[in-house]
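Each remark here refers to the structure printed beneath this line.
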Amino acid sequence: MLIRYRGQEGMLAWAFHRISGVAIWVFVIFHIVDIFLSGANPSAYDTVLQIYASPIGRIGETLLGAALLYHALNGLRIIVMDFWPVFTRYHRQLWYLNWALFMIVGLPVAFVILKPIFAV
Amino acid sequence: MTQRYSQSGSPRPTRRGAERTVWYLMRLTGLALFVLSLSHFLILHVLYDPKDQTAAFIANVRWSSLFWRANDWLFVIVVLVHAILGIRIVVGDYLKGAVRMAVMMAFYLLGLVLFAFGTIVIVTLPKPTG
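Protein chains in written order, with the working numbering: chain A, 461 to 580; chain B, 77 to 206.
Below you can see the structure in the form of structure tokens.
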């Protein structure tokens, strides 16, 4: 599973969903610990947030946002097909619709997050 | 017959029981997270920039009202439920028997610890000063 290729968009949609889900899991662990620091050790929290604001941090946030947006859109696609099975016939089209929405929403957000890297 | 990529993930179950409840809970929390997680990301990465988010910002701005503390507490609960149920499907695809059980116990414990951390900071972070 996940490595053996079994067919085009359906499998890629599933594999990306799984990979993005696990990636978000990892981030949630870090994020709950870092927000906990805002109370337990405020100066340590401020230091961690400077990492978020750094160029590498911003690239990481952009990737996180991409994982989150993909997982959210594909999750809706799964729900639609679960409750209205007629849509399983159009699972490919729904996946491309997801990518269109992903670009329309994601690119402007990525621009806002990454812009400070280039602003001197 | 549609292709199945996952052995432990499944189409809509018809038989009553815990697995069906879990299946619906996964979708229900997923829908809630569509709103909760994307709004969270937009607020804290687009409306505000991480460079301004000091511990004082969290106490005085972000969590200045009971509404946002309650919102984020609901968020952490729903995220952890969805994450635990999701990892349960992933673990079930790769591990079996006692190993699967042990790994899931570790994740349940991790989920409880994260819930405790999140709850403690939301409840105890001082209210705005001045």
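Glycine included, C-beta positions come from ideal geometry on N, C-alpha and C. Bear in mind that the values here come from a model prediction, so they are computed numbers and not experimental data.
Apply the 10 Å Cβ neighbour rule to residue 490/A and answer buried if 16 or more other Cβ atoms are within range, or exposed otherwise. By the beta-carbon neighbour count (other beta carbons within 10 angstroms, threshold 16), residue 490/A is exposed.
Does the Cβ of residue 139/B have 16 or more other Cβ atoms within 10 Å, making it buried, or fewer, making it exposed? Residue 139/B should be labelled buried.
Quick check on DSSP: helix, strand or coil for residue 77/B? For residue 77/B, the pLDDT reaches just 40, beneath the cut-off of 50, and the residue's location in the model is therefore unreliable, leaving the point undetermined.
Just reading off the alpha helix (DSSP H) that residue 480/A is part of, what are its end residues? Per DSSP, the continuous alpha helix (DSSP H) segment holding residue 480/A begins and ends at 468-500.
For residue 531/A and residue 107/B, I'd like the C-alpha separation in whole angstroms. Residue 531/A and residue 107/B have their C-alpha atoms some 11 Å from each other.
Mind pulling the chain B residues with CB within less than 9 Å of residue 515/A? Near residue 515/A there are no residues of chain B at all, since even the closest Cβ is about 12 Å away, more than 9 Å.
In this structure, how does DSSP classify residue 139/B when only helix, strand and coil are distinguished? Looking at residue 139/B - three-state DSSP - the assignment turns out to be coil, as it is neither helix nor strand.
So, with DSSP's three-state summary, where would you put residue 536/A? The answer is helix: DSSP assigns residue 536/A an H, G or I state.
Proximal residues to residue 77/B (C-beta, below 7 Å), its chain only, five neighbours per side dropped: With a pLDDT of 40 at residue 77/B, under the threshold of 50, the predicted position of this residue should be treated as unreliable, and no value is reported.
Does residue 496/A have its Cβ less than 8 Å from a Cβ in chain B? Cβ-Cβ to chain B under 8 Å: yes for residue 496/A.
Measure the alpha-carbon distance for residue 493/A versus residue 193/B and round it to whole angstroms. Rounded to the nearest whole angstrom, the CA to CA distance from residue 493/A to residue 193/B is 7 Å.
According to the Cβ coordinates, are residue 534/A and residue 558/A closer than 8 Å? With respect to the 8 Å criterion, residue 534/A and residue 558/A are classified as neighbours on the basis of their beta carbons.
Say whether chain A places a C-beta atom closer than 8 Å to the C-beta of residue 163/B. Chain A, which has a Cβ nearer than 8 Å to the Cβ of residue 163/B, makes this yes.
Helix, strand or coil for residue 164/B? Go by DSSP, reduced to three states. Reduced to three states, the DSSP call for residue 164/B is helix.
Return the Cβ separation of residue 81/B and residue 471/A in integer angstroms, given the expectation that the two are a contact with Cβ distance under 8 Å. Rounded to whole angstroms, the Cβ separation of residue 81/B and residue 471/A is 6 Å, and the two are in contact under 8 Å.
Would you be able to state if there are at least three C-beta pairs under 8 Å between the segment 139-148 of chain B and the segment 503-512 of chain A? Segment contact: the segment 503-512 of chain A against the segment 139-148 of chain B, fewer than three CB-CB distances shorter than 8 Å; contact not assigned.
Short check: CB of residue 191/B to CB of residue 153/B, under 8 Å? The answer is yes: Cβ separation under 8 Å.
Spell out a yes or no on whether the segment 177-185 of chain B and the segment 122-131 of chain B are touching, meaning 3 or more CB-CB pairs, one atom from each, closer than 8 Å. With the rule of 3 Cβ pairs closer than 8 Å, the segment 177-185 of chain B does not count as touching the segment 122-131 of chain B.
Verify whether the separation of the beta carbon atoms of residue 469/A and residue 544/A is less than 8 Å. Not a contact, by the Cβ cut-off of 8 Å.
For residue 577/A, which residues of its own chain have a beta-carbon under 7 Å away from its beta-carbon, when the five flanking residues on both sides are left out? The residues are 515 and 518.
Residue 553/A - DSSP class collapsed to helix/strand/coil: The answer is helix: DSSP assigns residue 553/A an H, G or I state.
Compute the distance between the beta-carbons of residue 484/A and residue 529/A, then report whether it is under 8 Å. Against a cut-off of 8 Å, the Cβ pair of residue 529/A and residue 484/A comes out as no contact.
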